[in-house]
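Report on the structure given below.
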Amino acid sequence: MCFTDELLSKYSDRGHFLIGTQLLTDLLKNCGCCPRRCGVNRLEDETGFCGIGSGIHISHAGLHFGEEPPISGNKGSGTIFFSGCNLRCVFCQNYQISQEFRQSRTRNLTTDELAAEMLRLQAEGAHNINFVSPSHMIFQMADAIQLSRQKGLTVPVLYNSNGYDSVDALRQIRGFVDVYVPDIKYLNNEPGKRLSSIDDYADIIPGVLREMLDQVGHLVMDHDGIAQHGLLVRHLVLPGYIGNSRQCLAFLADLSPDTHVSIMSQYSPQYKAGDFPEINRTLTEDEYDEITDYALELGLENAFIQELESQSHYLPDFNQERPFES
Numbered sequence: 001m002c003f004t005d006e007l008l009s010k011y012s013d014r015g016h017f018l019i020g021t022q023l024l025t026d027l028l029k030n031c032g033c034c035p036r037r038c039g040v041n042r043l044e045d046e047t048g049f050c051g052i053g054s055g056i057h058i059s060h061a062g063l064h065f066g067e068e069p070p071i072s073g074n075k076g077s078g079t080i081f082f083s084g085c086n087l088r089c090v091f092c093q094n095y096q097i098s099q100e101f102r103q104s105r106t107r108n109l110t111t112d113e114l115a116a117e118m119l120r121l122q123a124e125g126a127h128n129i130n131f132v133s134p135s136h137m138i139f140q141m142a143d144a145i146q147l148s149r150q151k152g153l154t155v156p157v158l159y160n161s162n163g164y165d166s167v168d169a170l171r172q173i174r175g176f177v178d179v180y181v182p183d184i185k186y187l188n189n190e191p192g193k194r195l196s197s198i199d200d201y202a203d204i205i206p207g208v209l210r211e212m213l214d215q216v217g218h219l220v221m222d223h224d225g226i227a228q229h230g231l232l233v234r235h236l237v238l239p240g241y242i243g244n245s246r247q248c249l250a251f252l253a254d255l256s257p258d259t260h261v262s263i264m265s266q267y268s269p270q271y272k273a274g275d276f277p278e279i280n281r282t283l284t285e286d287e288y289d290e291i292t293d294y295a296l297e298l299g300l301e302n303a304f305i306q307e308l309e310s311q312s313h314y315l316p317d318f319n320q321e322r323p324f325e326s
């Protein structure tokens, strides 16, 4: 993602939480794992908005070097990309696996097999296990985390979500996740409805971020600069929606000026973005500078920034065995 390795360190020490013993997959019988609360019986392979039944569908599991420096480090992040999604972002760069996953490379794993993938990535040197798009797979993920830790997983576990999470579900997995890496996409429901097919994102995300911060605190890194626990919030700046970006950053500053935030410039018009004239272009340097300057005005000093060249970098192709290699 071409992030600069630059931030100020204001860390608080918090210990790891104990692992629970409850099996959570049974909660899919009346699915409420995300705020859509579809209520379908996924244990019988009924599907709701996300399109996923009881199985653990993944599209890729491997070392990834394009995340923020505290996540990728120099050995890579052990990323596990779940298939499906509870949003429908028209600009999604992962649309092959989020929305068109039935046409892409997908594996259906058991809990044991997912735990084995986590242990494999640890053995390959991954700094962490990084679950991408877990909101609709939260309970299967949690059961696999518990099993993998019983079998020797020691690296931090990351929950890398679009931010449209259920606070109730997050409370169910308290102690399972070391580092939360959510998006804050919108603090205005109009663009959420227009661009992501969601009516209440701006209503949900404040409670989600408060819950995540309460669980893991502010981001803490080891002596090598690798995240061990805490919250890192991402915000993708969309062209033409600078007011929304200012609202998002103002909320983060109000949440705590010590919040670590990744301000992303990498937007490029992917998937169906061409049908929406206001976002059918890349971000300008002036737009991005306005937002990063505003972050400093708000006192958000723990910020990662991107080079604008990232707009053409790291676009994945999940039809390849190694999606991030051109």
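If you're matching positions, the sequence shown starts at 1 in the working numbering and goes up one per residue. A virtual CB, placed ideally from N, CA and C, is assigned to each residue, including glycine.
Based on Cα-Cα distance, which residue from Leu213, Asp222 and Met264 lies nearest to Leu234? Reading the sequence as shown, one finds Arg at residue 234 and not Leu. Nearest of Leu213, Asp222 and Met264 to Arg234, Cα basis: Met264.
Is Val157 helix, strand or coil by DSSP? strand
Three or more C-beta pairs closer than 8 Å, one from the stretch 282-291 and one from the stretch 191-209: is that the case here? no
Span separating the alpha-carbon of Asp254 from that of Glu44: 43 Å
Grouping DSSP H, G and I as helix and E and B as strand, with all else coil, what is His127? coil
Cα-Cα separation between Asp200 and Asn244, rounded to whole angstroms: 15 Å
In the structure shown, what three-state DSSP assignment does Arg234 receive? strand
Is Asp112 helix, strand or coil when you go by DSSP? helix
Which residues mark the beginning and the end of the beta strand (DSSP E) in which Met264 is found? His260 to Met264
Measuring CB atoms only, is the stretch 149-157 touching the stretch 23-43, in the sense that at least three cross pairs come out at less than 8 Å? no
Short of 7 Å in beta carbon distance, which residues of its chain neighbour Met141, apart from the five on each side in sequence? Order them along the chain. Phe131 and Pro134
Take the Cβ of Arg171 as the centre, count every other Cβ of all protein chains shown within 10 Å, and call the residue buried at 16 or more, exposed below. exposed
Beta-carbon proximity check, Thr47 vs Gly55, cutoff 8 Å: no
By alpha-carbon positions, which one of His57, Pro269, His223 and Arg88 ends up nearest to Pro70? His223
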